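Q: For the protein sequence lines, the chains are A and B, in the order given.
Its first residue numbered 4, the first sequence is counted upward by one per residue in our numbering.
Its first residue numbered 34, the second sequence is counted upward by one per residue in our numbering.
Backbone N, C-alpha and C fix where the C-beta goes; we use that ideal spot for every residue, glycine too.
Predicted model, so just to flag it, every value in this text is computed and none were measured.
This is the structure I have questions about; it appears just below.
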Amino acid sequence: MTMERAAFSRRSFLGHSYNLVGVVAALIILAWTLVAIFASYIIPHSIGDIVDDDYFGPMRQGLWLGSDYLGRDMLSRVLMGARYTVGISLAAVSIACFSGVALGMIAAVTGGWLDTCLSRFLDAMNSIPSKLFGLVVVAAVGSSIPALILTLAVIYIPGAYRFARALAVNINTMDFMTVARVRGESTAYLIGSEILPNIIRPVLADFGLRFVFIVLLLSGLSFLGLGLQPPLADWGALVRENIGGLPFAAPAVVVPSLAIASLTISVNLLIDNLPQKIRDRDA
Amino acid sequence: MKSGVLNLVVKRLGIAVITLLIVLFAVFFATSMLPGDTASILLGQAATPEAVAGLREAMHLNDPAILRFLRWLLGLLHGDLGTSYANEMPVAALIGGRFVNTMKLAGITTLISVPLALTLGITAAMLRGSLYDRAVTILSIGVISVPEFMVATLAVLLFAVYLKWLPALSSVNEAHSLTDLVRIYAMPVITLTFVISAQMIRMTRAAVIETLSTPYVEMALLKGASRRRMVLRHALPNALGPIVNAVALSLSYLVGGVIIVETIFNYPGIAKLMVDAVATRDLPLIQSCAMIFCLGYLLLITAADVVAIMSNPRLR
Numbered sequence: 004m005t006m007e008r009a010a011f012s013r014r015s016f017l018g019h020s021y022n023l024v025g026v027v028a029a030l031i032i033l034a035w036t037l038v039a040i041f042a043s044y045i046i047p048h049s050i051g052d053i054v055d056d057d058y059f060g061p062m063r064q065g066l067w068l069g070s071d072y073l074g075r076d077m078l079s080r081v082l083m084g085a086r087y088t089v090g091i092s093l094a095a096v097s098i099a100c101f102s103g104v105a106l107g108m109i110a111a112v113t114g115g116w117l118d119t120c121l122s123r124f125l126d127a128m129n130s131i132p133s134k135l136f137g138l139v140v141v142a143a144v145g146s147s148i149p150a151l152i153l154t155l156a157v158i159y160i161p162g163a164y165r166f167a168r169a170l171a172v173n174i175n176t177m178d179f180m181t182v183a184r185v186r187g188e189s190t191a192y193l194i195g196s197e198i199l200p201n202i203i204r205p206v207l208a209d210f211g212l213r214f215v216f217i218v219l220l221l222s223g224l225s226f227l228g229l230g231l232q233p234p235l236a237d238w239g240a241l242v243r244e245n246i247g248g249l250p251f252a253a254p255a256v257v258v259p260s261l262a263i264a265s266l267t268i269s270v271n272l273l274i275d276n277l278p279q280k281i282r283d284r285d286a
Numbered sequence: 034m035k036s037g038v039l040n041l042v043v044k045r046l047g048i049a050v051i052t053l054l055i056v057l058f059a060v061f062f063a064t065s066m067l068p069g070d071t072a073s074i075l076l077g078q079a080a081t082p083e084a085v086a087g088l089r090e091a092m093h094l095n096d097p098a099i100l101r102f103l104r105w106l107l108g109l110l111h112g113d114l115g116t117s118y119a120n121e122m123p124v125a126a127l128i129g130g131r132f133v134n135t136m137k138l139a140g141i142t143t144l145i146s147v148p149l150a151l152t153l154g155i156t157a158a159m160l161r162g163s164l165y166d167r168a169v170t171i172l173s174i175g176v177i178s179v180p181e182f183m184v185a186t187l188a189v190l191l192f193a194v195y196l197k198w199l200p201a202l203s204s205v206n207e208a209h210s211l212t213d214l215v216r217i218y219a220m221p222v223i224t225l226t227f228v229i230s231a232q233m234i235r236m237t238r239a240a241v242i243e244t245l246s247t248p249y250v251e252m253a254l255l256k257g258a259s260r261r262r263m264v265l266r267h268a269l270p271n272a273l274g275p276i277v278n279a280v281a282l283s284l285s286y287l288v289g290g291v292i293i294v295e296t297i298f299n300y301p302g303i304a305k306l307m308v309d310a311v312a313t314r315d316l317p318l319i320q321s322c323a324m325i326f327c328l329g330y331l332l333l334i335t336a337a338d339v340v341a342i343m344s345n346p347r348l349r
């Protein structure tokens with residue numbers, strides 16, 4: 004096992020298994036991450052300042068992405084929007100995957116009624132369309148940032164659980180698991196030291212896919228006006244507030260859409276171009 | 034052996050019913066968590082505490098949640114969806130016409146997207162690795178990776194702003210002729226078709242490719258069958274189950290799709306009704322709409338599972 008992994012990491016370090024598309028996708032993701040972190044230092048104008056006499060202004064020098072429906076600088080607003088879209092989604096996907104994977108491994112190792120109950124319940128949760136779920140819950144608990152993060156996390160826990168449990172159940176039938184059990188190891192040890200290392204790679208790929216789902220759902224909710232509330236604006240909210248510029252094809256409505264697309268497509272492409280061994284369920 | 038399949042199907046349907054109950058319960062509780070006291074919202078700010086208390090009593094709001102849930106469920110079984118808080122009309126009357134509109138939209142989309150997606154998916158699988166296959170694959174990944182509202186926005190930009198073929202907004206009331214009808218449905222249907230087809234193409238392509246890699250297809254190839262015959266005669270009949278499964282699963286994406294599409298195009302359907310109900314905190318309306326959506330979604334994914342069970346020859 005150890006040898007195999009060492010061989011594997013050496014191959015990927017030589018760049019053998021990464022292709023150009025994957026590298027470009029990774030660079031775009033890195034760029035958006037940096038923008039999200041340093042947004043407040045690099046924006047040319049404050050996001051609330053009205054800098055243009057005209058609304059839905061075109062792209063021009065000084066206002067590189069034009070102005071929005073109030074004449075505010077679009078470039079600054081998109082850069083700040085990255086912070087909310089990437090930040091909220093990342094927080095939500097971390098909670099969802101951590102809880103989902105932990106529960107999935109516990110269910111697989113423990114088995115019995117706990118496994119049955121958890122699986123039944125989470126499968127039922129999975130049967131609620133995510134957008135509808137988001138709509139109802141956000142209406143119920145409001146659209147503050149913590150509430151949004153928790154809502155998005157809860158919606159995607161069942162999926163992460165199902166994925167991790169399916170992987171863990173396979174590992175659970177291995178001989179080394181039986182040996183560990185006979186040794187009398189605790190459930191925590193079984194999960195952390197025996198199962199997790201064997202499923203971590205596909206789980207990380209799943210983390211990326213789920214991140215895309217969450218970005219899309221968050222943008223969709225914000226677009227419906229149920230996500231981030233003004234004056235804060237993520238990319239979905241930016242499209243919503245500038246939708247009036249659609250008939251003139253204003254950059255204010257096109258650019259945030261492109262920002263979302265560049266992020267989600269990059270993550271999808273990166274995962275698609277990961278070395279087969281990382282991606283595969285039974286890696 | 035037939036009874037084995039029947040058992041599995043019945044079991045699957047049983048699970049669907051239990052799931053529906055859990056979902057209804059979840060929807061009911063999520064909506065009863067909505068902030069604000071319904072009675073005081075209804076009576077307005079000028080209401081006396083006594084009046085609020087009286088209305089709470091009359092609406093059974095003081096009862097425990099489980100009792101209200103059971104009462105609501107009992108009402109559902111009698112076909113009583115409750116009364117809208119916002120305009121005091123029966124929810125059933127509000128939903129009725131809207132439901133027909135949404136079904137029309139979904140129906141037209143299905144009629145267009147299923148043949149389109151199947152053709153593209155199967156041909157892409159047949160010509161695997163070709164330029165055509167790669168174009169179809171990249172396009173469908175692209176559509177899946179972006180939010181529905183972006184597909185809608187791009188469709189508006191292309192067809193309404195640049196080409197000026199279609200109006201950006203739709204309103205069913207204005208339909209007087211066939212051309213009107215086409216102009217009204219075109220934008221929402223185009224958007225939904227893109228979203229649904231992308232999923233369906235990917236799943237169909239994967240299903241056909243999997244069948245094409247089986248030994249008996251290789252056998253057909255080796256005995257000299259033409260590529261066309263190999264796919265249509267040997268592979269497709271066996272891929273039918275997975276394909277129907279893929280179609281049903283993709284159609285369940287309609288549920289999320291219509292919510293966005295009806296809002297952006299201002300289409301008077303049930304999803305728009307629900308988004309508006311969320312804005313006005315109209316509980317009975319939200320509950321009923323959510324229930325209809327969940328029911329439709331469950332029906333589709335259950336159908337997908339049942340087809341998968343029925344088409345598995347090892348279970349027959």
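Chain A beta carbons: is any one of them nearer than 8 Å to that of B/Val85?
A: As a position in the second sequence, residue 85 of chain B is number 52, starting the count at 1. False, the Cβ-Cβ gap to chain A never drops below 8 Å.
Q: Give me the chain B residues within the contact set of A/Val287, using Cβ-Cβ distance strictly less than 7 Å, ordered along the chain.
A: Given a span of 4 to 286 for chain A in the structure shown, any question on residue 287 of chain A remains unanswerable.
Q: In this structure, how does DSSP classify B/Ile155 when only helix, strand and coil are distinguished?
A: Taking the second sequence and counting its residues from 1, the one referred to as residue 155 of chain B is at position 122. Helix.
Q: Using only CA atoms, which one of A/Thr36, A/Asp71, A/Val54 and A/Phe41 lies nearest to A/Ala240?
A: In the first sequence, counting from the first residue as 1, residue 240 of chain A sits at position 237. If we check each option's Cα against that of A/Ala240, A/Asp71 comes out closest.
Q: Measuring CB to CB, does A/Thr181 end up less than 8 Å from A/Val112?
A: Along the first sequence, one-based indexing puts residue 181 of chain A at 178. Along the first sequence, one-based indexing puts residue 112 of chain A at 109. Against a cut-off of 8 Å, the Cβ pair of A/Val112 and A/Thr181 comes out as no contact.
Q: Can you tell me whether B/Thr335 is helix, strand or coil according to DSSP?
A: As a working mapping, residue 335 of chain B is identified with position 302 in the second sequence. Of the three classes helix, strand and coil, the one that applies to B/Thr335 here is helix, per DSSP.
Q: Can you tell me the Cα-Cα spacing of B/Leu331 and A/Ser92, whole angstroms?
A: In the second sequence, residue 331 of chain B corresponds to position 298, counting from 1. In the first sequence, residue 92 of chain A corresponds to position 89, counting from 1. About 27 Å.
Q: Using CA atoms only, rank isn't needed, just tell me which of A/Ile217, A/Phe179, A/Ser130 and A/Asp209 is closest to B/Leu333.
A: The count along the second sequence starts at 1 and reaches residue 333 of chain B at position 300. For B/Leu333, the nearest C-alpha among the options comes from A/Ser130.
Q: Any contact between the segment 133-152 of chain A and the segment 308-327 of chain B? By contact I mean 3 or more CB pairs, one from each, below 8 Å.
A: yes
Q: Is the Cβ of A/Leu231 closer than 8 Å to any Cβ of chain C?
A: The chain labelled as chain C is not found among the protein chains of the depicted structure, namely A and B.
Q: Flag this pair as touching only if the segment 118-128 of chain B and the segment 213-232 of chain B have three or more C-beta atom pairs under 8 Å; answer yes or no.
A: no
Q: Using a Cβ-Cβ cut-off of 7 Å (strictly less than) and excluding sequence neighbours within five positions of B/Asp166, which residues of its own chain qualify?
A: Start at 1 with the first residue of the second sequence, and residue 166 of chain B comes out as number 133. Excluding its 5 nearest sequence neighbours in each direction, B/Asp166 has C-beta neighbours in its own chain below 7 Å: Ala157 and Leu160, listed in chain order.
Q: Name the residues in the segment 250-281 of chain A whose C-beta lies less than 7 Å from a C-beta of chain B; which are they?
A: For the segment 250-281 of chain A, the set of positions with a beta-carbon nearer than 7 Å to some beta-carbon of chain B reads Pro250, Ala252, Val256, Ser260, Ile263, Ala264, Thr267, Ile268 and Asn271 in chain order.
Q: Where does B/Ser117 land, buried or exposed, given buried means 16+ other C-beta within 10 angstroms?
A: Indexing the second sequence from 1 puts residue 117 of chain B at position 84. Buried is the label assigned to B/Ser117, since at least 16 other Cβ atoms lie within 10 Å of its Cβ.
Q: Classify B/Lys44 as helix, strand or coil using the three-state DSSP reduction.
A: Here residue 44 of chain B corresponds to residue number 11 of the second sequence, with the count starting at 1. The answer is helix: DSSP assigns B/Lys44 an H, G or I state.
Q: Within 8 Å of any Cβ in chain A, is that where the Cβ of B/Val124 sits?
A: Numbered from 1 along the second sequence, position 91 holds the residue referred to as residue 124 of chain B. It does not; no Cβ of chain A falls within 8 Å.
Q: Could you tell me whether the Cβ of A/Ile131 comes closer than 8 Å to any Cβ of chain B?
A: Here residue 131 of chain A refers to the residue found at position 128 when the first sequence is read from its first residue. Yes - at least one Cβ of chain B is within 8 Å of the one on A/Ile131.
Q: Less than 8 Å between CB atoms is the rule here; does B/Pro180 satisfy it with respect to chain A?
A: Taking the first residue of the second sequence as 1, we reach residue 180 of chain B at position 147. Yes, B/Pro180 counts as interfacial toward chain A.
Q: Output, in sequence order along the chain, the residues in the segment 212-225 of chain A whose CB is closer than 7 Å to any CB in chain B.
A: Val215, Leu219, Ser222 and Gly223
Q: Could you work out which residues of chain A lie near B/Met343, taking near to mean beta carbons separated by less than 7 Å?
A: Counting from 1 along the second sequence, the entry for residue 343 of chain B is found at position 310. In chain order: nothing, as chain A lies at least about 20 Å away.
Q: Is the closest heavy atom of the ligand FAD to the C-beta of B/Thr244 under 7 Å?
A: This structure does not include the ligand FAD; it has no bound ligands of any sort.
Q: Since A/Ala127 is in the alpha helix (DSSP H), which residue starts that stretch and which ends it?
A: Start at 1 with the first residue of the first sequence, and residue 127 of chain A comes out as number 124. From DSSP, the alpha helix (DSSP H) with A/Ala127 extends over Gly115 to Asn129.
Q: Identify which residue in B/Asn299, B/Ile292, B/Ala272 and B/Arg238 has its Cα closest to the Cα of B/Met343.
A: Working through the second sequence from its first residue, we reach residue 343 of chain B at position 310. Residue nearest to B/Met343 within the set B/Asn299, B/Ile292, B/Ala272 and B/Arg238 is B/Ala272 (criterion: CA-CA distance).
Q: Please report whether the beta-carbon of B/Met183 lies at a distance below 8 Å from any beta-carbon of chain A.
A: Walking along the second sequence from the start, residue 183 of chain B turns up at place 150. For B/Met183, the answer is yes, since a Cβ of chain A falls inside 8 Å of its Cβ.
Q: If we call anything under 8 Å between Cβ atoms a contact, is B/Met2 one with B/Ser178?
A: The structure shown has nothing for residue 2 of chain B, since chain B only spans 34 to 349.
Q: Would you say A/Ala127 lies against chain B (beta-carbon separation less than 8 Å)?
A: In the first sequence, counting from the first residue as 1, residue 127 of chain A sits at position 124. True, the Cβ-Cβ gap to chain B drops below 8 Å.
Q: My output table needs one value for A/Leu53: the three-state DSSP class, helix, strand or coil.
A: Residue mapping note: residue 53 of chain A aligns to position 50 of the first sequence, counting from 1. Strictly speaking, residue 53 of chain A in this sequence is Ile, with Leu absent from that position. Three-state DSSP puts A/Ile53 in a strand.
Q: Is A/Tyr164 near A/Leu106, with beta carbons less than 8 Å apart?
A: Within the first sequence, the letter at position 161 stands for residue 164 of chain A. Within the first sequence, the letter at position 103 stands for residue 106 of chain A. A Cβ-Cβ contact shorter than 8 Å links A/Tyr164 with A/Leu106.
Q: What separation, rounded to the nearest whole angstrom, lies between the Cα atoms of B/Val277 and A/Met177?
A: As a first step, residue 277 of chain B must be located in the second sequence, where it is residue number 244. As a first step, residue 177 of chain A must be located in the first sequence, where it is residue number 174. Rounded to whole angstroms, B/Val277 to A/Met177 spans 35 Å at the Cα level.
Q: Looking at chain B, is there any beta carbon in it that lies within less than 8 Å of the beta carbon of A/Ala143?
A: Against the first sequence, residue 143 of chain A aligns to sequence position 140. True, the Cβ-Cβ gap to chain B drops below 8 Å.
Q: State yes or no: is the beta carbon of A/Leu121 nearer than 8 Å to at least one beta carbon in chain B?
A: Against the first sequence, residue 121 of chain A aligns to sequence position 118. Residue contact with chain B for A/Leu121: absent (no Cβ-Cβ distance below 8 Å to any residue of chain B).
Q: In this structure, what does DSSP give as the bridge partners for A/Asp76?
A: Within the first sequence, residue 76 of chain A is the residue found at index 73, counting from 1. A/Ser70.
Q: So, with DSSP's three-state summary, where would you put A/Thr176?
A: Indexing the first sequence from 1 puts residue 176 of chain A at position 173. A/Thr176: coil per DSSP, three-state reduction.
Q: Could you compute how far the alpha carbon of B/Val42 sits from the alpha carbon of B/Ala337?
A: Within the second sequence, the letter at position 9 stands for residue 42 of chain B. Within the second sequence, the letter at position 304 stands for residue 337 of chain B. As the crow flies, the alpha-carbon of B/Val42 is around 11 Å from that of B/Ala337.
Q: To the nearest angstrom, report how far apart A/Val172 and B/Gly130 are at their CA atoms.
A: Translated into positions along the first sequence, residue 172 of chain A becomes position 169. Translated into positions along the second sequence, residue 130 of chain B becomes position 97. Taking the straight line joining both Cα atoms gives about 48 Å.
Q: If I measure Cβ to Cβ from B/Val205 and keep anything under 7 Å in the same chain, skipping five residues before and after, which residues do I get?
A: On the second sequence, position 172 is the one that residue 205 of chain B refers to. Residue confidence is low: B/Val205 scores 49 on pLDDT, short of 50, so the model does not pin down where it sits. No coordinate-derived value is stated.
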